[in-house]
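Everything on this sheet refers to the single structure shown next.
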Amino acid sequence: MAAMTREETQALIQEVLEVYPDKAKKDRAKHLAVSDPAVEQSKKCITSNRKSQPGVMTIRGCAYAGSKGVVWGPIKDMVHVSHGPVGCGQYSRAGRRNYYVGMTGVNTFGTMNFTSDFQEKDIVFGGDKKLDKLVTEIETLFPLAKGISVQSECPIGLIGDDIESVAKKKAKELDKPVVPVRCEGFRGVSQSLGHHIANDAIRDWVIQNRDGDESFATTPYDVAVIGDYNIGGDAWSSRILLEEIGLRVVAQWSGDGTLSEMELTPKVKLNLIHCYRSVNYISRFMEEKYGIPWMEYNFFGPTKIAESLRAIAARFDETIQANAEQVIAKYQAQHEAIVAKYRPRLEGKKVMLYVGGLRPRHIVGAYEDLGMEVVGTGYEFAHNDDYDRTMKELGNGTLLYDDVTGYEFEEFVKRVKPDLIGSGIKEKYIFQKMGVPFRQMHSWDYSGPYHGYDGFAIFARDMDMTINNPCWKKMQAPWMQDAVAADQPQAAAG
Amino acid sequence: MPNVMIRKREDGGLLFYVAKKDMEETIASIETDTAEAWGGAVELTDGSRWYIDPISPPPSFPTTLRFKRADD
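For the record, the sequence lines run as chains A and B.
Numbering-wise (this note's numbering), the first sequence opens with residue 12 and increments by one.
Numbering-wise (this note's numbering), the second sequence opens with residue 213 and increments by one.
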């Protein structure tokens, strides 16, 4: 069932844009579109990766968030110093549920916050001496840290500190990598540039560390999983599938990842890219320098998993291909049972998504497996190449919104009336108060994993318990309920 | 004169990627593509035209090259 026709969706966009002043209207119109699978190039119908309009509510992050929060942060055996004032690090501490194994504070540091805690005197006289001192302190307190990354916050760029020279000096002194990352928050229009800067730092300071060192025994089946941040254990439920088909996962970036895994990545035969947006830069670099091909895969929902496993296996020999078929067959009964259980409860429900990275397109398949339909989707910080990939996944007439504003999103929801919204914590309570079931699709609403066959079971259960939760029928106070509501007894409805 | 990364797609087509612009297009036609040289005027599927002095011997892909805009 198509929710809305192309014309209706187009009209809806026009109506929502009506309240803006002319200039803002002109700008926002470029970011809203109706998907058309026939369009090869998204830039013809949607503009992305542009500065947000002043005065509208956006939920984008900054370059520091993209680097420290997304790419570098989950590398568990390194200490990531939030270099600058204390807040950036403290308020984002452990916010992303990048699971990892290890003893926090001894050999892993994922959920800890390290900061140089800039004061007025550091701004006036520069913070390089402080950085030097704190790196020595980290070495004393946490000798098992394999390396240190310096994640710059805004003031570092503004006062012109030379963190690179400090990093070089300390790296020599400690004999471990000290990586300066120039991810000052004011750079770029969103966290997306932070991903790029973080990738460039990995390229310049990490990836070539083991060039010329052939002591690592390789096999023809070595792969690296790149761009899986192990939210709620996602990377683990993906990794077991790859290992089951006979591949050896040498490195896992960066959820539950380590520095030595990153250094070993140039030795693999194939890079498997989960989040294209945040790691395509380094994958392209490795392809060019080391000749390692890369491919994107999607482990959301059985249809896409089978598709991806076959595509991955096709890059290897026949044993792997046969294994892939076996693995797909092995899990068939499991996911068929899940679909049989939840599909009748979820069939035909409409979903609107607004997240970042890869989910606005990757999760579509998992919803379709459950008989649900994605009627609107959008990215916080995507670029054109993401929308190119998205258009292929969507039906005709799906609403697309790039860097949607708070107002637009609310209006779209009021009109499209989806049965479920998947977005982040900042949207959650607005929509729940509007009476629309909501799942956080950044943190899986503290559930997960959602990747892999095991993850699909959890995904299906979570969607069911959100949409079919009896609380949605109790949105009105008893004394406000009119005669219409009285005709439908609450107890029987549940 | 942007830096362009050229890589082979799975189906053998060549992809033209400009990192700074996030532009990833397929190459529709190349003026010179022989065993001795590769380059000349390049046209992409979006209709834009680019130029590079023919390189001899042909480079192995993936590689980064500097292209000129041929439009102006």
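From the three backbone atoms N, C-alpha and C, an ideal C-beta is built for every residue, glycine too.
Q. Should A/Leu270 go down as buried or exposed, given a rule of 16 or more other Cβ atoms within 10 Å for buried?
A. It is buried - the Cβ of A/Leu270 has at least 16 other Cβ atoms within 10 Å.
**Q.** 6 Å Cβ shell around A/Thr276 - same chain, five flanking residues per side excluded
**A.** Excluding residues within five positions, the ones whose Cβ falls inside 6 Å are Ala235, Ala262.
Q) Given 8 Å as the limit, is there contact between the region 325–337 of chain A and the region 356–367 of chain A, that is, 3 or more CB pairs closer than that? A) Touching, no, given that fewer than three Cβ pairs across the two stretches are closer than 8 Å.
Q. Does the Cβ of A/Val279 have 16 or more other Cβ atoms within 10 Å, making it buried, or fewer, making it exposed?
A. It counts as buried.
Q) Which chain A residues sit within Cβ distance under 7 Å of B/Arg219? A) Contact annotation for B/Arg219 against chain A: Glu298 [CB-CB distance below 7 Å, chain order].
Q) Got a sec, what are the start and stop residues for the beta strand (DSSP E) A/Thr477 sits in? A) Careful: A/Thr477 lies outside any beta strand (DSSP E), inside the alpha helix (DSSP H) at 463–478.
**Q.** Contact with chain B by A/Asn395, beta-carbon distance below 8 Å
**A.** At least one CB of chain B lies nearer than 8 Å to the CB of A/Asn395.
(Q) When you compare the CB of A/Asn60 with every CB in chain B, is at least one pair closer than 8 Å? (A) Chain B, which has a Cβ nearer than 8 Å to the Cβ of A/Asn60, makes this yes.
Q: Closer than 8 Å by C-beta to B/Arg261: which residues in its own chain qualify, once you throw out the five before and the five after it? Chain order, please.
A: Hits under 8 Å: Ala253, Val254, Glu255, Arg281, Ala282, Asp283.
Q) Can you tell me where the alpha helix (DSSP H) with A/Glu131 in it begins and where it stops? A) Here the alpha helix (DSSP H) through A/Glu131 covers 131–136.
Q | Burial state of A/Phe136 (16 or more Cβ within 10 Å) | A | Exposed.
Q: Tell me, please, whether the region 290–308 of chain A touches the region 235–251 of chain A by the rule of three or more beta-carbon pairs shorter than 8 Å.
A: The region 290–308 of chain A is in contact with the region 235–251 of chain A.
Q. Taking only beta-carbon atoms, is B/Glu255 less than 8 Å away from chain A?
A. Judged by the 8 Å Cβ criterion, B/Glu255 is not in contact with chain A.
Q. Count the other CB atoms within 10 Å of the CB of A/Leu364; is the residue buried (16 or more) or exposed (fewer)?
A. Buried is the call here.
Q.
Below 8 Å on the Cβ atoms is my contact criterion, and I expect B/Phe279 with B/Lys220 to pass it. Report the Cβ-Cβ distance as a whole number of Å.
A. About 17 Å separates the two Cβ atoms, so there is no contact after all.
Q: State the Cα-Cα distance for the pair A/Met123 and A/Tyr301, rounded to the nearest angstrom.
A: Rounded to the nearest angstrom, the two C-alpha atoms are 34 Å apart.
Q. B/Asp223 touches chain A at which residues, Cβ-Cβ below 7 Å?
A. Result: empty, since nearest Cβ-Cβ is about 13 Å, beyond 7 Å.
Q | Short Cβ contact (8 Å threshold) for A/His453 with A/Ser59 | A | For the 8 Å CB-CB criterion, A/His453 and A/Ser59 do not form a contact.
Q. At a Cβ cut of 9 Å, what residues of the region 442–465 of chain A count as close to chain B, listed as they run along the chain?
A. The residues in question: there are none.
Q.
What residue range does the alpha helix (DSSP H) around A/Arg214 cover?
A. 202–216 is the extent of the alpha helix (DSSP H) around A/Arg214.
Q: Output yes if chain A places a C-beta closer than 8 Å to the C-beta of B/Pro274; else output no.
A: Closer than 8 Å: yes.
Q: Would you check if the region 444–463 of chain A and the region 475–493 of chain A touch, i.e. whether three or more CB-CB distances between them fall below 8 Å?
A: Contact between the region 475–493 of chain A and the region 444–463 of chain A is established, with three or more Cβ pairs separated by less than 8 Å.
**Q.** Rounded C-alpha distance that separates A/Lys352 from A/Lys439
**A.** Cα to Cα, A/Lys352 sits roughly 27 Å from A/Lys439.
Q | Residue nearest to A/Ser458 in terms of C-alpha spacing, selected from A/Arg108, A/Gly98, A/Tyr412 | A | Nearest of A/Arg108, A/Gly98, A/Tyr412 to A/Ser458, Cα basis: A/Arg108.
Q: Leaving out five residues on either side along the sequence, give the residues of the same chain with a beta carbon under 6 Å from the beta carbon of A/Cys165.
A: These residues qualify, in order along the chain: Glu195, Gly196, Phe197.
Q | Pairwise C-alpha distance: A/Ser434 and A/Pro48 | A | It is roughly 24 Å from the alpha-carbon of A/Pro48 to the alpha-carbon of A/Ser434.
Q. Does the region 141–160 of chain A come close enough to the region 177–191 of chain A that 3 or more CB-CB pairs lie under 8 Å?
A. In the pairwise beta carbon analysis, the region 177–191 of chain A is classified as touching the region 141–160 of chain A: at least three pairs are separated by under 8 Å.
**Q.** chain A within 8 Å of B/Asp258, Cβ atoms only
**A.** Chain A contact via Cβ: present.
(Q) For chain B, check one thing: does any of its Cβ atoms lie closer than 8 Å to the Cβ of A/Gln332? (A) It does not; no Cβ of chain B falls within 8 Å.
Q. Using the rule of at least 16 other Cβ atoms within 10 Å of the residue's Cβ for burial, across every protein chain shown, is A/Cys286 buried or exposed?
A. Classification of A/Cys286: buried, given that the 10 Å Cβ count is 16 or more.
Q) Closest Cβ-Cβ distance between A/Gln202 and chain B: below 8 Å? A) Residue-level contact by beta carbon fails for A/Gln202 and chain B, as no gap is shorter than 8 Å.
Q. Is the beta carbon of A/Gly205 less than 8 Å from the beta carbon of A/Ala74?
A. Closer than 8 Å, so yes.
**Q.** Under 7 Å by beta carbon: chain B residues contacting A/Gln219
**A.** Near A/Gln219 there are no residues of chain B at all, since even the closest Cβ is about 17 Å away, more than 7 Å.
**Q.** Cβ of A/Gln25 within 8 Å of any chain B Cβ
**A.** Not one chain B Cβ lies under 8 Å of A/Gln25.
(Q) Given a cut-off of 8 Å on the beta-carbon distance, is the pair A/Ile159 and A/Val260 in contact? (A) Between A/Ile159 and A/Val260, the C-beta gap is not smaller than 8 Å, which leaves the two residues out of contact.
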